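*Asks:* Using the working numbering, the first residue of the sequence shown is number 2, and each one after it goes up by one.
Think of the CB as a built atom: it goes at the ideal place given N, C-alpha and C, for glycine as much as any other residue.
Computed from a predicted structure; not experimentally measured.
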Amino acid sequence: MANLTKNQKEIAKKYDKTKAYTLEEASSIVKEISMVKFDATVDIAVRLGVDPKKANQMVRGVVSLPHGTGKDVKVLALVTPDKEQEAKDAGADYVGLDEYLEKIKEGWTDVDVIVTMPAVMGKLGPLGRVLGPRGLMPNPKAGTVTMDVSKAVSDVKAGKIDFRVDKTGIVHAIVGKVSFPAEKIMENAKELIQTLQKMKPTAAKGVYMKSIYLSSTMSPSVQVDPKSV
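Below is the structure:
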């Protein structure tokens with residue numbers, strides 16, 4: 002067995018990695034065991050009892066985190082000229098259409114979220130190979146394809162995130178930063194978990210919420226008891 006580093010020994014004193022904690026406890030522990038020198042991101046991983054290969058068991062949606070993600074989300078608004086000022090006033094970092102479509106075609110994807118209008122989606126279709134793998138393709142269900150561009154941009158900037166179950170049945174999402182008070186991490190995580198609970202597919206059988214883990218960048222994960230939420 003490999004020798005533990007000094008940091009690993011310190012972390013081992015702070016919690017039991019085999020124990021499932023309440024969400025409140027886990028939110029405090031994940032802060033305590035972060036040993037990096039920057040403001041680490043706090044992530045949640047929820048394993049669901051679904052088969053993502055079956056369309057009737059796909060879990061996908063959006064949630065507005067009450068305290069935001071703590072991340073400065075860069076938003077690109079692909080809109081027609083009459084909507085440009087609306088997008089700028091709402092806080093979009095990049096606003097335009099054809100010039101950005103050309104940049105994306107050339108490989109530029111330096112944004113976190115793309116908001117657009119129904120009329121523009123036809124132009125985005127050919128860029129699916131670039132945007133799809135990066136999770137950047139706008140989607141009406143995520144609220145990023147809409148005529149209300151101002152609201153879409155504002156919501157994303159305020160902490161609205163979209164999520165989907167991956168091929169292994171896990172939903173990954175950001176729920177804050179280590180610098181957040183534990184209470185805010187807990188409330189953000191609780192909002193996502195409760196949203197997922199309401200989305201259980203009728204076709205899913207057995208235990209729906211199998212496991213929940215909180216972790217921060219480059220730190221071990223903390224198990225959360227699903228019954229505590």
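Which residues in the same chain have their Cβ closer than 8 Å to the Cβ of G129, if we skip the five residues on either side of it in sequence?
*Replies:* Same-chain partners within the cutoff: M138.
*Asks:* Whole-angstrom Cβ separation of S35 and S220, contact assumed at under 8 Å?
*Replies:* S35 to S220, Cβ: 5 Å. Contact.
*Asks:* How long is the line joining the alpha carbons of S29 and M118, rounded to whole angstroms?
*Replies:* Cα to Cα, S29 sits roughly 41 Å from M118.
*Asks:* Spatial neighbours of V96 within its chain, please: CB distance less than 6 Å, with the 5 preceding and 5 following residues excluded, ordered by chain position.
*Replies:* Once the five neighbours on either side are set aside, the close Cβ partners of V96 are A78, E85, A88, K89.
*Asks:* Leaving out the 5 sequence neighbours to the left and right, which residues in its chain are closer than 7 Å to K201 when beta-carbon positions are compared?
*Replies:* Excluding positions up to five away in sequence, the list reads Y209.
*Asks:* Report yes or no: do three or more beta-carbon pairs, one from the region 141–154 and one from the region 46–54, lie closer than 8 Å?
*Replies:* Contact fails: fewer than three Cβ-Cβ distances are below 8 Å.
*Asks:* State the DSSP-derived secondary structure class of I34, mapped to helix, strand or coil.
*Replies:* Looking at I34 - three-state DSSP - the assignment turns out to be coil, as it is neither helix nor strand.
*Asks:* Whole angstroms are fine: how far does the CA of V176 sit from the CA of M2?
*Replies:* Its pLDDT being 42, under 50, M2 is placed unreliably in this model, and the value from its coordinates should be taken loosely. Between M2 and V176, the C-alpha separation is close to 34 Å.
*Asks:* In this structure, how does DSSP classify A153 when only helix, strand and coil are distinguished?
*Replies:* The answer is helix: DSSP assigns A153 an H, G or I state.
*Asks:* Looking at the structure shown, is M210 part of a helix, part of a strand, or coil, going by DSSP?
*Replies:* Strand.
*Asks:* Return the chain-ordered list of same chain residues with a C-beta closer than 8 Å to the C-beta of V112, the five sequence neighbours on each side being excluded.
*Replies:* Result list for V112: K75, V76, L77, D94, Y95, L137, in chain order.
*Asks:* Please determine whether the Cβ atom of S217 lies at a distance below 7 Å from any heavy atom of the ligand SAM.
*Replies:* In the structure on display, the ligand SAM does not appear, and there are no ligands present to speak of.
*Asks:* So what's T145 in DSSP terms, helix, strand or just coil?
*Replies:* DSSP places T145 in coil when its eight states are reduced to three.
*Asks:* May I have the straight-line CA-CA distance separating T19 from K55, to the nearest angstrom?
*Replies:* The straight-line gap from Cα to Cα measures roughly 32 Å.
*Asks:* Cα-Cα, which of A190, A205, G207 is closest to A27?
*Replies:* Comparing Cα positions, the closest option is A190.
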